[in-house]
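S.K.: Under UniProt numbering, read the sequence shown as residues 1 to 301, first letter to last.
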Amino acid sequence: MDINRVLKRWNLSNEPFKQIYSSAWQIGDKYILKTGKNIDEMHKNLLMINALSEQNIPVATVIKTMDGLEYIFEDNAYFFISEKIDGEHLTDIYQQNYSELAYLIGQVIGTLHIAFKACQAKISCYDNNFYDEIVGWVSKTFEDKNITLIPDDILRKCVSELKEVYPNLTRQLIHRDIHPGNMLFKNNILTGYIDFDLSQINARVFDLCYMSLSFLIDNTVDSKKTTKWFEILNRIVKGYSSITPLSSDEIKAIPVMMVAIEMLFVAYFANNNNISGTKGAAKTLLWLWDNKEKISFQVKL
Numbered sequence: 001m002d003i004n005r006v007l008k009r010w011n012l013s014n015e016p017f018k019q020i021y022s023s024a025w026q027i028g029d030k031y032i033l034k035t036g037k038n039i040d041e042m043h044k045n046l047l048m049i050n051a052l053s054e055q056n057i058p059v060a061t062v063i064k065t066m067d068g069l070e071y072i073f074e075d076n077a078y079f080f081i082s083e084k085i086d087g088e089h090l091t092d093i094y095q096q097n098y099s100e101l102a103y104l105i106g107q108v109i110g111t112l113h114i115a116f117k118a119c120q121a122k123i124s125c126y127d128n129n130f131y132d133e134i135v136g137w138v139s140k141t142f143e144d145k146n147i148t149l150i151p152d153d154i155l156r157k158c159v160s161e162l163k164e165v166y167p168n169l170t171r172q173l174i175h176r177d178i179h180p181g182n183m184l185f186k187n188n189i190l191t192g193y194i195d196f197d198l199s200q201i202n203a204r205v206f207d208l209c210y211m212s213l214s215f216l217i218d219n220t221v222d223s224k225k226t227t228k229w230f231e232i233l234n235r236i237v238k239g240y241s242s243i244t245p246l247s248s249d250e251i252k253a254i255p256v257m258m259v260a261i262e263m264l265f266v267a268y269f270a271n272n273n274n275i276s277g278t279k280g281a282a283k284t285l286l287w288l289w290d291n292k293e294k295i296s297f298q299v300k301l
């Protein structure tokens with residue numbers, strides 16, 4: 001792949017570049033070049049970025065080619081360039097003012113959801129029923145891979161509880177992969193959201209659960225961190241509700257949604273033959289199940 005030939009289309013062939021991911025390069029100090037094979041996904045991504053920008057959400061501005069194009073197609077792949085957002089990912093929240101940061105994170109997710117709701121009519125996204133996903137490919141994977149890390153009665157209860165609560169949840173366009181690595185901050189101020197590849201219609205509380213879980217992974221055996229995690233969860237929920245209030249049904253659903261998300265991760269890692277990932281997700285799932293009552297208490301506003 002001749003990156004310089006691609007960059008010529010933006011008159012940037014003289015800029016230094018370095019690969020930062022398998023599908024992305026930093027161009028100089030100001031730009032990011034991205035590539036991929038799924039043209040439909042790319043169109044959705046660009047549409048999402050432009051629609052969110054219209055809602056004054058901090059996202060990477062797409063830079064047009066010298067011909068006025070938002071992207072080009074070379075070597076059976078698409079390429080587009082966006083501005084590099086100034087800011088850094090959150091690293092170890094436990095070593096910072098975690099309570100303040102968690103509240104801020106809840107607020108920025110709430111703000112993003114409001115913008116998503118305002119622009120979702122313009123964006124064609126996958127409409128996903130999370131319950132159907134759990135009883136579909138996730139449960140099938142447990143059977144096919146003969147996953148026995150989690151007692152069957154816990155899995156059955158999780159599916160039963162999810163079936164009860166999911167139909168009552170507010171559904172809209174969500175990020176679906178929202179974690180600290182997909183947000184950028186500078187001086188504790190959000191500077192940008194990134195990576196909308198998995199955005200879909202789903203229960204909005206999914207994003208809150210997913211983000212909260214990102215701070216729990218690999219920390220379930222550290223009692224000091226789990227004590228802080230319960231406060232982080234409480235503050236994320238409160239921050240979110242200060243922007244767009246959660247319903248009683250959504251608050252009730254948080255514990256089982258978290259368990260179901262880890263059930264999904266067990267299946268995902270098993271399908272990719274990632275033994276350590278499968279065991280880690282199962283361990284987190286069992287910890288969540290054992291602490292459902294504490295989680296319910298923390299998310300009550």
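Positions of the beta carbon are idealized from the N, C-alpha and C atoms, including for glycine.
This structure is a prediction, so every number in the text was calculated from the model and none was measured.
From the DSSP output, read off the bridge partner residues of E40.
M.R.: As a position in the sequence shown, residue 40 is number 40, starting the count at 1. Checking the sequence, you will find Asp at residue 40 rather than Glu. Beta-bridge pairing links D40 to no other residue.
S.K.: Kindly indicate the opening and closing residues of the alpha helix (DSSP H) around K64.
M.R.: Sequence index remark: in the sequence shown, residue 64 carries index 64 (1-based). Taken as a continuous stretch (DSSP letters only), K64 belongs to no alpha helix (DSSP H), as it is neither H nor E.
S.K.: Nearest-angstrom Cα distance between V221 and W229?
M.R.: Reading the sequence shown from its first residue, position 221 is the one you call residue 221. Reading the sequence shown from its first residue, position 229 is the one you call residue 229. Cα-Cα distance, rounded: 12 Å.
S.K.: Is it the case that the Cβ atoms of I147 and V259 are separated by a distance below 9 Å?
M.R.: On the sequence shown, residue 147 is found 147 positions in, with the first residue counted as 1. On the sequence shown, residue 259 is found 259 positions in, with the first residue counted as 1. The answer is no: Cβ separation not under 9 Å.
S.K.: Quick test of the definition: if touching needs 3 or more C-beta pairs under 8 Å, does the segment 3-17 touch the segment 55-73?
M.R.: Short answer: they touch.
S.K.: Would you report the Cα separation of E262 and E88, rounded to the nearest angstrom?
M.R.: For this step, residue 262 is matched to residue 262 along the sequence shown. For this step, residue 88 is matched to residue 88 along the sequence shown. One alpha carbon belongs to E262, the other to E88, and they sit about 27 Å apart.
S.K.: Which whole-angstrom value is the C-beta distance of R176 and R204, which I expect to be below 8 Å?
M.R.: Taking the first residue of the sequence shown as 1, we reach residue 176 at position 176. Taking the first residue of the sequence shown as 1, we reach residue 204 at position 204. Taking a contact as a CB-CB distance under 8 Å, the pair R176 and R204 does not count as one, their CB atoms being some 11 Å apart.
S.K.: So is A19 buried or exposed if we call it buried at 16+ other beta carbons inside 10 Å?
M.R.: Your numbering for residue 19 matches position 19 in the sequence shown. Looking at the sequence provided, one finds Gln at residue 19 rather than Ala. When all chains shown are included, Q19 counts as exposed.
S.K.: Could you work out which residue in E161, K117 and H113 is closest to V135 when comparing CA atoms only?
M.R.: Start at 1 with the first residue of the sequence shown, and residue 135 comes out as number 135. Here the closest residue by C-alpha is E161.
S.K.: Residues bridged to I201 by DSSP?
M.R.: Reading the sequence shown from its first residue, position 201 is the one you call residue 201. Partner(s): D127 and L173.
S.K.: Residues in the same chain with beta-carbon distance under 7 Å from Y193, minus the five sequence neighbours each way, listed in chain order, please.
M.R.: Position 193 of the sequence shown, counted from the first residue, corresponds to residue 193. Excluding residues within five positions, the ones whose Cβ falls inside 7 Å are I57, P58, V59, L112, N182 and M183.
S.K.: Between the alpha carbons of G110 and L286, how many angstroms are there, rounded?
M.R.: In the sequence shown, counting from the first residue as 1, residue 110 sits at position 110. In the sequence shown, counting from the first residue as 1, residue 286 sits at position 286. Straight-line Cα distance between these residues: approximately 29 Å.
S.K.: Exposed or buried, what is I295 when buried is set at 16 or more other beta-carbons lying within 10 Å of its beta-carbon?
M.R.: Position 295 of the sequence shown holds residue 295. When all chains shown are included, I295 counts as buried.
S.K.: Look at Q55 and D127 and say whether their C-beta atoms are less than 9 Å apart.
M.R.: The count along the sequence shown starts at 1 and reaches residue 55 at position 55. The count along the sequence shown starts at 1 and reaches residue 127 at position 127. No, the pair does not count as a contact, with Cβ atoms beyond the cut-off.
S.K.: Can you have a look at A281 and say buried or exposed, based on whether 16 or more other CB atoms are within 10 angstroms of its CB?
M.R.: Stepping through the sequence shown from its first residue, residue 281 is reached at position 281. Classification of A281: buried, given that the 10 Å Cβ count is 16 or more.
S.K.: When the distance is taken between beta carbons, is M211 closer than 9 Å to I105?
M.R.: Counting from one through the sequence shown, the residue named residue 105 turns up at place 105. Counting from one through the sequence shown, the residue named residue 211 turns up at place 211. Result yes, Cβ atoms of I105 and M211 sit closer than 9 Å.
S.K.: Decide if G239 is buried, meaning its Cβ has at least 16 other Cβ atoms within 10 Å, or exposed.
M.R.: On the sequence shown, position 239 is the one that residue 239 refers to. Buried, since its Cβ has 16 or more Cβ neighbours within 10 Å.
S.K.: Going by DSSP in three states, Q107 sits in which element: helix, strand or coil?
M.R.: Start at 1 with the first residue of the sequence shown, and residue 107 comes out as number 107. DSSP places Q107 in helix when its eight states are reduced to three.
S.K.: Considering only C-alpha positions, which residue in the set N14, I154, S53 and D197 is nearest to H43?
M.R.: Counted from its first residue, the sequence shown places residue 43 at position 43. Closest by C-alpha distance to H43, out of N14, I154, S53 and D197, is D197.
S.K.: Secondary structure at W10, three-state DSSP: helix, strand or coil?
M.R.: By 1-based counting over the sequence shown, the position of residue 10 is 10. It is coil, neither helix nor strand.
S.K.: Would you report the Cα separation of L155 and W289, rounded to the nearest angstrom?
M.R.: Taking the sequence shown and counting its residues from 1, one reaches residue 155 at position 155. Taking the sequence shown and counting its residues from 1, one reaches residue 289 at position 289. Here the C-alpha atom of L155 lies approximately 10 Å from the C-alpha atom of W289.
S.K.: Go ahead and pull the three-state DSSP assignment for S247.
M.R.: As a working note, residue 247 is residue 247 in the sequence shown. Of the three classes helix, strand and coil, the one that applies to S247 here is coil, per DSSP.
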